[in-house]
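Participant: Taking our numbering, the leading residue of the sequence shown gets 69, the next gets one more, and so forth. We treat Cβ as the ideally placed atom computed from N, Cα and C, and that holds for glycine. Here's a structure for you.
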Amino acid sequence: MDLIEQIKKNAQANKQRIVLPEGDEPRTLKAADQLIADGIADIILVGPAQKIKDMAVEFELKNIDKACIIDPKDNPNKMKYAELLYDIRKSKGMTMEQAEELAENFMYLGVLLVKAGDADGLVSGARSTTGDMLRPALQIIKTSPGVSCVSGAFIMFLPNDKYGTDGRMVFADCAVTPVPTTEQLAEIAICTADTAKNIAKIDPAVAILSFSTKGSAKHEDVDKVIEATRIAKERRPDILLDGELQADAAIVPSVGSSKAPNSDVAGKANTLVFPRLEVGNIAYKLVQRLAGAEAVGPVLQGFAKPCNDLSRGCSIDDIYKLVAITCNQAIAQKQ
Numbered sequence: 069m070d071l072i073e074q075i076k077k078n079a080q081a082n083k084q085r086i087v088l089p090e091g092d093e094p095r096t097l098k099a100a101d102q103l104i105a106d107g108i109a110d111i112i113l114v115g116p117a118q119k120i121k122d123m124a125v126e127f128e129l130k131n132i133d134k135a136c137i138i139d140p141k142d143n144p145n146k147m148k149y150a151e152l153l154y155d156i157r158k159s160k161g162m163t164m165e166q167a168e169e170l171a172e173n174f175m176y177l178g179v180l181l182v183k184a185g186d187a188d189g190l191v192s193g194a195r196s197t198t199g200d201m202l203r204p205a206l207q208i209i210k211t212s213p214g215v216s217c218v219s220g221a222f223i224m225f226l227p228n229d230k231y232g233t234d235g236r237m238v239f240a241d242c243a244v245t246p247v248p249t250t251e252q253l254a255e256i257a258i259c260t261a262d263t264a265k266n267i268a269k270i271d272p273a274v275a276i277l278s279f280s281t282k283g284s285a286k287h288e289d290v291d292k293v294i295e296a297t298r299i300a301k302e303r304r305p306d307i308l309l310d311g312e313l314q315a316d317a318a319i320v321p322s323v324g325s326s327k328a329p330n331s332d333v334a335g336k337a338n339t340l341v342f343p344r345l346e347v348g349n350i351a352y353k354l355v356q357r358l359a360g361a362e363a364v365g366p367v368l369q370g371f372a373k374p375c376n377d378l379s380r381g382c383s384i385d386d387i388y389k390l391v392a393i394t395c396n397q398a399i400a401q402k403q
C-alpha cells in the first residue's frame, strides 16, 4: 500500500470535519464531491449557499448535498463566531463591529469554525493567497504550545529508494519562515520530525543542514545550527536528530561515515531541515525538477490545529490529497 493510500485509509477510519472556506471555487467543489464520495472527511463548505448548489448541478456533482454549507452572509450563528473573534482580538484593539464584519469574511469564518471546535482542520488556497489564510490563522488559532513559528514541509517521493525511507524524504522549512531564529530552527526540526512520523509514515532521522559538518567550517550561521541542534535534542530526546551536517554527509552513507563517524544520523537522514527558507525552497524545487521527484505539500506545521495552504495552481487531486493529509494531522493531534 503506498503512502497516499495509507493516509486515505486512516482518514476513512477516523473521519474528521474539514472546512473548505473557498466553497464556491470549482476545483475545491469538485474535490469536495469526491472526498465525500470516498468517505475521507465530513466536509464543511463556506460560501454563497445558492451559488454552491447551482454549481453542483452544473458540474453534475452527486454528493454536495451531504456537505454542510455555511453562507457567511446568511449565517444564523454569526454572533457566536463574532463574539469568539472579539474575545480573542479585543486586547489588540478590535471592536465588536469589526469582529461582526470579519465573521462574514469566508476565510475568517473558516478559521473561526476550527477555533470553536466546529471543524477539525482547514484547507484553502486554490483562489486565495497564503497570506489570506496565514493572517487569520495566526491571529485566531495561533501556534502550538512551545512553538513560535509556522513552517512548511514537503513530502518528497523520489524516483528510487536509494535515499530516504523507501524513497520518501521530508524537507522543511520550504514555505513560510524566511530566516528562523535559533529557537525557531529547533522548533522546525521537532515539528518536521513529527510530520515525518505522523504523515510521511517514516521513522524520522533528522539532519539540520549547514555548509559545515562537525566543525569543518567556522561561521555564525554554523553556530546557529549547532545551537539549534542542542536545543532540539534537549527538548525531544526521543527524536533521532543531528547537526550540523552538510547535505552529502546527511544522506550518503560513505560520506557520512567519513565526515561524521560518530553520528547516528549521518549517511541515513530521511528528514532534512534547512537553515533558512530560501535554501529549503530552492532545494525541494531542484530535487523535484532535476531528479523527477514528486513533492506533496506544503504541509503546514506549528499551528495549534491543522490549517493547510494550497498553491493557486493546484489540481483537484492536490486538494483531495491535502484534505486527507489534514485529516491525518488532526487525528495525530488528538492522540
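Could you check whether the segment 87-102 touches the segment 128-146, counting it as contact only if at least three pairs of C-beta atoms, one from each stretch, sit closer than 8 angstroms?
Facilitator: Output reads yes: the segment 128-146 touches the segment 87-102.
Participant: What three-state label does DSSP hand Asn-78 in the structure shown?
Facilitator: In the sequence shown, counting from the first residue as 1, residue 78 sits at position 10. Asn-78 falls in the helix class under three-state DSSP.
Participant: Could you tell me whether the segment 76-88 touches the segment 107-117, using the rule of 3 or more Cβ pairs below 8 angstroms?
Facilitator: Cβ pair count under 8 angstroms is three or more, so yes.
Participant: If you draw a straight line from the alpha carbon of Gln-207 to that of Gly-199, how long is it in whole angstroms?
Facilitator: For the purposes of this step, residue 207 is taken as residue 139 along the sequence shown, with counting starting at 1. For the purposes of this step, residue 199 is taken as residue 131 along the sequence shown, with counting starting at 1. In a straight line, the C-alpha of Gln-207 is about 12 angstroms away from that of Gly-199.
Participant: Could you have a look at Met-224 and say whether DSSP puts it in helix, strand or coil?
Facilitator: What you label residue 224 is simply residue 156 of the sequence shown in a count that begins at 1. It is a strand residue.
Participant: Beta-carbon separation of Lys-230 and Ile-209 under 8 angstroms?
Facilitator: Residue numbering aside, residue 230 sits at position 162 when the sequence shown is read from its first letter. Residue numbering aside, residue 209 sits at position 141 when the sequence shown is read from its first letter. Their beta carbons are not under 8 angstroms apart, which means Lys-230 does not touch Ile-209 by this criterion.
Participant: Answer yes or no: do Phe-222 and Val-320 have a C-beta to C-beta separation smaller than 8 angstroms?
Facilitator: On the sequence shown, position 154 is the one that residue 222 refers to. On the sequence shown, position 252 is the one that residue 320 refers to. Their beta carbons are not under 8 angstroms apart, which means Phe-222 does not touch Val-320 by this criterion.
Participant: Tell me, which residues are paired with Ile-68 by DSSP?
Facilitator: As displayed, the chain neither begins before 69 nor continues past 403, which places residue 68 out of reach and without an answer.
Participant: Determine the burial state of Lys-282: buried for a count of at least 16 other Cβ atoms within 10 Å of its Cβ, exposed for fewer.
Facilitator: Against the sequence shown, residue 282 aligns to sequence position 214. Lys-282 comes out buried.
Participant: So what does DSSP say about Asn-376, is it helix, strand or coil?
Facilitator: Within the sequence shown, residue 376 is the residue found at index 308, counting from 1. Three-state result, Asn-376: strand.
Participant: Which of the three DSSP states is assigned to Leu-71 in this structure?
Facilitator: The count along the sequence shown starts at 1 and reaches residue 71 at position 3. Three-state result, Leu-71: helix.
Participant: Identify whether Ile-307 lies in helix, strand or coil by the three-state DSSP scheme.
Facilitator: Taking the first residue of the sequence shown as 1, we reach residue 307 at position 239. Three-state result, Ile-307: coil.
Participant: Rounding to the nearest angstrom, what Cα-Cα distance links Ala-240 and Pro-246 in this structure?
Facilitator: Here residue 240 refers to the residue found at position 172 when the sequence shown is read from its first residue. Here residue 246 refers to the residue found at position 178 when the sequence shown is read from its first residue. Approximately 11 angstroms, taken between the alpha carbons.
Participant: Between which residues of its own chain and Ile-270 is the CB-CB distance below 7 angstroms, once the five residues before and five after are set aside?
Facilitator: Here residue 270 is taken as the residue at index 202 of the sequence shown, counted from 1. For Ile-270, where only same-chain residues beyond five positions count, the Cβ hits under 7 angstroms are Thr-233, Arg-236, Ala-264, Asn-338.
Participant: Can you tell me which of Gln-80, Ala-275, Gln-102, Gly-178 puts its alpha carbon nearest to the alpha carbon of Ile-441?
Facilitator: No statement about residue 441 is possible, as the shown extent of the chain runs from 69 to 403 and does not include it.
Participant: Mind checking who Glu-362 pairs with in its DSSP beta bridge?
Facilitator: As a working note, residue 362 is residue 294 in the sequence shown. Partner(s): Phe-225.
Participant: Any idea what DSSP makes of Ile-270, helix, strand or coil?
Facilitator: Counting from one through the sequence shown, the residue named residue 270 turns up at place 202. DSSP places Ile-270 in coil when its eight states are reduced to three.
Participant: With distance defined between alpha-carbon atoms, name the residue in Ala-105, Leu-71, Ile-387 nearest to Leu-226.
Facilitator: Here residue 226 is taken as the residue at index 158 of the sequence shown, counted from 1. Checking every option, the nearest Cα to that of Leu-226 belongs to Leu-71.
Participant: Pop quiz: Asp-386 and Leu-378 are said to be a contact at Cβ under 8 angstroms. What is the actual Cβ separation, rounded to whole angstroms?
Facilitator: Looking up residue 386 in the sequence shown gives position 318. Looking up residue 378 in the sequence shown gives position 310. Right, their Cβ atoms sit about 6 angstroms apart.
Participant: What are the uninterrupted segments assigned as alpha helix (DSSP H) that are 4 or more residues long and contained completely in the segment 314-369, given in chain order?
Facilitator: Segments of the alpha helix (DSSP H) lying fully in the segment 314-369: 315-319, 321-327, 345-358.
Participant: If you follow the beta strand (DSSP E) that Gly-178 is part of, which residue opens it and which one closes it?
Facilitator: Taking the first residue of the sequence shown as position 1, residue 178 is located at position 110. Where Gly-178 is concerned, there is no enclosing beta strand (DSSP E), although the alpha helix (DSSP H) it sits in stretches over 174-183.
Participant: Three-state secondary structure (DSSP) at Leu-190?
Facilitator: The count along the sequence shown starts at 1 and reaches residue 190 at position 122. Three-state result, Leu-190: strand.
Participant: Pull up the DSSP beta-bridge partners for Ser-219, would you.
Facilitator: On the sequence shown, position 151 is the one that residue 219 refers to. Answer is Gln-369.
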